[in-house]
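For reference, the structure is listed below as structure tokens.
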């Protein structure tokens with residue numbers, strides 16, 4: 001192999017690498033066979049971009065979810081306090097219902113805040129994943145892209161030399177061999193980094209799946225517990241006030257015929273249930 005370490009050779013290598021960079025930046029057409037040979041790498045880079053973007057999106061979505069949970073919990077608690085405060089003004093069964101529903105809403109608001117703990121852990125795990133695994137993979141990919149540019153630049157250089165090649169002129173033939181050696185050297189470096197990048201992207205995707213499956217399992221358990229406890233509380237309130245009690249509206253008198261009809265229907269349904277049980 002013809003190894004060339006002269007300043008002139010290095011400058012020409014930088015020139016053709018820069019030219020390749022400009023070609024890619026401007027989106028100009030490249031050799032379709034060279035591009036096709038990197039199709040597997042490009043697919044892995046697309047997967048990496050997806051992992052990188054979705055992790056950032058997940059953190060932003062979790063932030064918004066935090067705000068919604070806190071806002072909903074506050075609204076529930078305020079509604080519960082309002083119903084409990086108004087229950088003291090009504091000495092009928094309706095007042096007792098207001099108090100019971102108010103307590104149930106306050107309890108639901110308190111339980112809902114428990115969802116923040118697994119979400120906090122989720123954010124911490126995803127942020128750590130971004131700072132370590134994604135950044136490390138991004139660093140390797142950056143070196144791979146630089147090596148790809150250098151390799152494709154060397155190919156352009158060799159193509160340019162070959163067009164002017166005259167077998168009868170030993171000097172140009174020697175120059176071609178030196179460039180050919182540069183192409184081989186660049187390709188070996190690129191192939192090494194290409195393999196490292198693809199392996200890291202595969203490992204990155206698998207690691208994210210494993211991380212999310214573990215962290216989201218805790219969130220799922222907490223969410224199920226919240227709904228089970230809230231459902232039990234609401235069912236308990238519903239059962240304690242089963243049936244319908246007629247209420248005479250003093251202001252909204254136009255509702256009177258409708259509620260009388262509802263009261264009659266509820267009474268008939270209760271009698272039928274009692275008859276069936278007998």
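Numbering (UniProt numbering), first residue to last: 1 to 278.
We treat Cβ as the ideally placed atom computed from N, Cα and C, and that holds for glycine.
Local conformation of residue i per DSSP, three classes
| i | result |
| --- | --- |
| residue 89 | coil |
| residue 66 | helix |
| residue 49 | helix |
| residue 136 | helix |
| residue 42 | helix |
| residue 176 | helix |
| residue 242 | coil |
C-beta contact flag for residue i and residue j at 9 Å
| i | j | result |
| --- | --- | --- |
| residue 74 | residue 109 | yes |
| residue 62 | residue 126 | yes |
| residue 84 | residue 50 | no |
| residue 47 | residue 201 | yes |
| residue 115 | residue 226 | yes |
| residue 134 | residue 55 | yes |
| residue 215 | residue 121 | yes |
| residue 158 | residue 124 | no |
| residue 188 | residue 52 | no |
| residue 21 | residue 111 | no |
Segment limits, alpha helix (DSSP H) that includes residue i
| i | result |
| --- | --- |
| residue 129 | 116-129 |
Rounded straight-line distance, which links the Cα of residue j to that of residue i
| i | j | result |
| --- | --- | --- |
| residue 213 | residue 265 | 50 Å |
| residue 86 | residue 240 | 19 Å |
| residue 128 | residue 185 | 37 Å |
| residue 118 | residue 204 | 23 Å |
| residue 228 | residue 93 | 27 Å |
| residue 147 | residue 43 | 17 Å |
| residue 132 | residue 70 | 30 Å |
| residue 217 | residue 224 | 11 Å |
| residue 154 | residue 130 | 34 Å |
| residue 262 | residue 99 | 23 Å |
| residue 219 | residue 64 | 16 Å |
| residue 79 | residue 96 | 16 Å |
| residue 91 | residue 209 | 57 Å |
| residue 77 | residue 211 | 34 Å |
| residue 39 | residue 72 | 48 Å |
| residue 257 | residue 222 | 46 Å |
| residue 206 | residue 37 | 25 Å |
| residue 260 | residue 113 | 41 Å |
| residue 152 | residue 60 | 38 Å |
Close Cβ partners of residue i (< 7 Å) along its chain, the five nearest in sequence each way excluded
| i | result |
| --- | --- |
| residue 104 | 233, 234 and 237 |
| residue 45 | 141 |
Proximal residues to residue i (C-beta, below 8 Å), its chain only, five neighbours per side dropped
| i | result |
| --- | --- |
| residue 144 | 41, 190, 193, 194, 196 and 197 |
| residue 89 | 95 |
| residue 81 | 102 and 106 |
| residue 136 | 200 |
| residue 254 | none |
Beta-carbon contacts of residue i that lie in its chain and below 6 Å, excluding the five residues immediately before and after
| i | result |
| --- | --- |
| residue 173 | none |
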